[in-house]
Amino acid sequence: MSFSNSLGGSGGIVEHQGFVGRYLGEAREGEIMAVLGASGSGKSTLIDALANRIAKGSLKGTVMMNGEVLESDLSKVISAYVMQDDLLFPMLTVEETLMFSAEFRLPRTLSKSKKRARVQALIDQLGLRNAAKTVIGDEGHRGVSGGERRRVSIGIDIIHDPIVLFLDEPTSGLDSTSAFMVVKVLQRIAQSGSIVIMSIHQPSYRIMSLLDKLIFLSRGQMVFSDTPSKLPDFFSEFGNPIPENEDRTEFAPRLHPRARNIRRRNQNPNRFQQIMVKKQNPSIKIDPRTKTIPKRRH
């Protein structure tokens with residue numbers, strides 16, 4: 001799956017309510033692509049755009065699947081979108097919740113036994129076997145843990161075995177161990193033949209080790225698109241080498257043009273952003289007078 005436009009190479013534009021971003025990227029079967037950035041950088045907007053959740057008139061650009069344009073109707077059939085909030089029935093067990101989803105989302109022609117088999121396989125894939133008979137619970141009734149609850153939410157949306165899975169900050173509100181377990185499950189889902197694309201605020205070192213590709217956004221612009229292993233070189237080229245004793249994930253906020261390290265160096269935040277955007281897409285022209293990327297005219 002790729003997103004592209006006329007900027008040259010694999011570049012794409014998502015334009016929505018004054019938000020303009022130039023993007024390039026490709027997500028492959030068996031991989032997890034994570035979209036990172038500071039709050040307000042456009043993570044959710046990009047995920048929504050790729051998942052076809054924004055009105056057509058608000059977007060410019062192309063999403064491709066196996067070299068062909070991914071049409072809206074087909075996108076809805078082959079993909080799934082997991083929202084940040086868990087909307088579950090508190091008094092149903094994990095198994096009952098997934099079976100309820102199977103009854104409504106799997107073909108009516110599929111037998112009851114095959115639906116049960118799909119649910120049981122999914123319970124194992126999600127690592128929920130020990131919690132299968134436990135109720136979801138709520139504030140007044142004790143139930144599954146936060147991490148298990150999030151995995152149930154994922155299960156509801158992948159019951160039909162989608163090719164592409166989109167998730168909006170699936171680790172939000174979870175402790176480090178639960179967050180790691182959720183992403184570990186997403187890795188298993190990807191390795192079973194799916195494409196996983198998710199937004200995440202600031203992954204831990206352990207979570208970063210599970211990610212195959214990263215996209216960093218800053219003010220609606222893509223400033224990094226590559227594998228996690230390329231991050232150190234990226235920072236070094238901009239005069240910000242990652243210290244040996246510091247976690248590379250702690251440097252994520254520094255990609256934001258208002259980051260503290262930029263101010264300490266007395267660099268103009270906007271200029272820093274322009275340099276990073278230009279590096280990711282050399283075809284973008286820089287205004288020789290202002291040394292910035294000209295604003296798009298509407």
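Residue 38 in the UniProt record's numbering is what sits at position 38 of the sequence shown, and the numbering runs on without skipping anything. Built from N, CA and C at the ideal position, the CB exists for glycine as well.
Pick out whichever of the options has its Cα sitting closest to the Cα of residue i.
i, options, result
"residue 195", "212, 205 and 204", "212"
"residue 42", "130, 233, 198 and 210", "198"
"residue 177", "205, 191, 231 and 236", "205"
"residue 222", "229, 214 and 152", "214"
"residue 140", "90, 32, 207 and 201", "90"
"residue 31", "201, 224 and 185", "185"
"residue 37", "200, 142 and 113", "200"
Please work out which residues of its chain come closer than 7 Å, Cβ to Cβ, to residue i, disregarding the five sequence neighbours upstream and downstream, and give them in chain order.
i, result
"residue 268", "Because the pLDDT of residue 268 is 48, which lies under 50, any placement of that residue in the model is unreliable, and the number read from its coordinates should be weighed accordingly. Nothing listed; no residue qualifies."
"residue 69", "62"
With DSSP as the reference, identify every bridge partner of residue i, one or two as the case may be.
i, result
"residue 141", "138"
"residue 79", "164"
"residue 213", "33"
"residue 93", "135"
Under 8 Å by Cβ, that's how I've got residue i and residue j pegged, so tell me the actual separation to the nearest angstrom.
i, j, result
"residue 172", "residue 84", "5 Å"
"residue 82", "residue 175", "About 19 Å; that fails the 8 Å criterion."
"residue 34", "residue 203", "7 Å"
"residue 148", "residue 128", "6 Å"
"residue 325", "residue 191", "Any answer about residue 325 is impossible in this case: the structure gives the chain only from 1 up to 298."
"residue 86", "residue 150", "6 Å"
"residue 152", "residue 88", "6 Å"
"residue 207", "residue 235", "Not a contact, Cβ separation roughly 19 Å."
"residue 143", "residue 29", "No, residue 143 and residue 29 are not in contact; Cβ-Cβ is about 34 Å, not under 8 Å."
Looking only at its own chain, which residues have a Cβ that is under 8 Å from the Cβ of residue i, when we skip the five neighbours before and after it?
i, result
"residue 160", "80, 105 and 106"
"residue 302", "Given a span of 1 to 298 for the chain in the structure shown, any question on residue 302 remains unanswerable."
Below 6 Å CB to CB, which residues in the same chain sit around residue i once its five sequence neighbours on both sides are set aside?
i, result
"residue 154", "82"
"residue 256", "Confidence is the limiting factor: at residue 256 the pLDDT is only 47, short of 50, which leaves the residue's position unreliable, though a coordinate-based value still follows. So the list reads 38 and 218, once near-sequence residues are dropped."
Below 8 Å, can you find three or more Cβ-Cβ pairs linking the segment 164-178 to the segment 106-119?
no
Would the segment 26-46 count as touching the segment 205-219 if we require 3 or more Cβ pairs under 8 Å?
yes
With three or more beta-carbon pairs closer than 8 Å as the criterion, would you say the segment 60-68 touches the segment 119-130?
No: fewer than three Cβ pairs fall under 8 Å.
Do the segment 128-138 and the segment 91-102 make contact, defined as three or more Cβ pairs closer than 8 Å?
yes
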